[in-house]
Amino acid sequence: MTIKECAEALDLANSTVHKHLATGKQTRLVVQEGTEYRLGLGFLTYGVAVQKLFPIYELTQDVMDNLADETGERIWLKVEENGREIPIENVAGEQAIQTDRDIGGPNKMHKTAGGKAILAFLDAERRREILADMELDANTDNTITDREKLEAELEQIRDEGVAYNKSEDIAGVNAVGAPIIDNDGNVHGSLVIAGPEHRLDDERLENELANLVKGTTNEVGINISYR
């Protein structure tokens, strides 16, 4: 964007915008290319710093690599913030597909395996708070939009220890996730294995991959309890 475009978008004087952009250049947050400005790589420093605020970030790096190698699919690490699911890391296996989901992009928790895995195991009061503010909108025909049906599925997730997303967020993409819980019952996030539905069919999801992700999150939960 040019200074003029920034000024118009922010309803500020050109001189004010120029001053802020000059400061941004000094801190590597802004890069000037001719008469235009864009975000700089300095933001990566802040992004990495935020990731490292979560204890599970460093504790899951090796296990995410292992899951990606073993399954060939994309592995996600997700946390809850302000009632939304936030992915803070992903690792791509050899066959991993690319979607429009990005690190840091919030999503409603009723649509995804990682979100439902976290939501199911939060304490009842926190879960009620999140659900009270959550509109159960649909991304696909498979998205849960009925509150009673969602509550029933969350109960099943608590019984089984894993959550599924069967084309509920992105059509044609399935996933299985499990919560990361420490010995005191605190939910730190979730790990998710995601891929195309023709490879992650019901049989593979509910047997091989469910056991794999649940075993992995149990291990991380123990490690985080004694770090």
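Counting from -16, one number per residue, gives the positions in the sequence shown under the numbering used here.
Even glycine gets a Cβ: it sits at the ideal position worked out from N, Cα and C.
Given the structure is predicted, the values throughout are model-derived calculations rather than measurements.
Whole-Å CB distance - residue i paired with residue j, under 8 Å assumed
{"i": "residue 58", "j": "residue 74", "result": "5 Å"}
{"i": "residue 94", "j": "residue 43", "result": "About 22 Å; that fails the 8 Å criterion."}
{"i": "residue 104", "j": "residue 164", "result": "6 Å"}
{"i": "residue 80", "j": "residue 179", "result": "6 Å"}
{"i": "residue 192", "j": "residue 54", "result": "7 Å"}
{"i": "residue 177", "j": "residue 154", "result": "13 Å between Cβ atoms; not a contact."}
{"i": "residue 128", "j": "residue 150", "result": "Between residue 150 and residue 128 the Cβ distance is about 14 Å, and since that is not below 8 Å, they are no contact."}
{"i": "residue 116", "j": "residue 198", "result": "Incorrect: roughly 33 Å between the Cβ atoms, too far for contact."}
{"i": "residue 82", "j": "residue 13", "result": "About 29 Å; that fails the 8 Å criterion."}
{"i": "residue -15", "j": "residue 6", "result": "At roughly 17 Å, the Cβ-Cβ gap does not stay under 8 Å, so residue -15 and residue 6 are not in contact."}
{"i": "residue 244", "j": "residue 119", "result": "With the chain covering only -16 through 210, there is no way to say anything about residue 244."}
Residue i burial status per 10 Å Cβ neighbour count (16 or more: buried)
{"i": "residue 152", "result": "buried"}
{"i": "residue 166", "result": "exposed"}
{"i": "residue -3", "result": "exposed"}
{"i": "residue 146", "result": "buried"}
{"i": "residue 91", "result": "buried"}
{"i": "residue 213", "result": "This structure cannot speak to residue 213, because the chain is shown only from -16 to 210."}
{"i": "residue 20", "result": "buried"}
{"i": "residue 16", "result": "exposed"}
{"i": "residue 133", "result": "buried"}
{"i": "residue 68", "result": "buried"}
{"i": "residue 200", "result": "buried"}
{"i": "residue -12", "result": "exposed"}
{"i": "residue 183", "result": "buried"}
{"i": "residue 190", "result": "exposed"}
{"i": "residue 121", "result": "exposed"}
{"i": "residue 77", "result": "exposed"}
Continuous beta strand (DSSP E) stretch holding residue i: start and end
{"i": "residue 102", "result": "Element bounds for residue 102: not the beta strand (DSSP E) but the alpha helix (DSSP H), 96 to 104."}
{"i": "residue 57", "result": "57 to 64"}
{"i": "residue 15", "result": "13 to 16"}
{"i": "residue 69", "result": "67 to 75"}
Limits of the unbroken alpha helix (DSSP H) element including residue i
{"i": "residue -7", "result": "-14 to -7"}
{"i": "residue 20", "result": "First-last for residue 20: 19 to 22, but that is the beta strand (DSSP E), not the alpha helix (DSSP H)."}
{"i": "residue 40", "result": "38 to 42"}
{"i": "residue 7", "result": "-3 to 9"}
{"i": "residue 115", "result": "107 to 115"}
{"i": "residue 193", "result": "193 to 208"}
Any chain B beta carbon closer than 9 Å to residue i
{"i": "residue 203", "result": "In summary, chain B is missing from the structure at hand, where a single protein chain is found."}
Practice item. Determine, using beta-carbon pairs with one atom in the region 161 to 177 and one in the region 92 to 109, whether at least three such pairs fall under 8 Å. Key: yes
Exercise for review: Specify whether the region 46 to 61 and the region 105 to 116 touch according to this definition: at least 3 beta carbon pairs, one from each stretch, less than 8 Å apart.
Suggested key: no
Review point. Where in the region 132 to 172 do unbroken runs of the beta strand (DSSP E), each at least 3 residues long, occur, reported from the N-terminal end onward?
Key: 146 to 149 and 156 to 164
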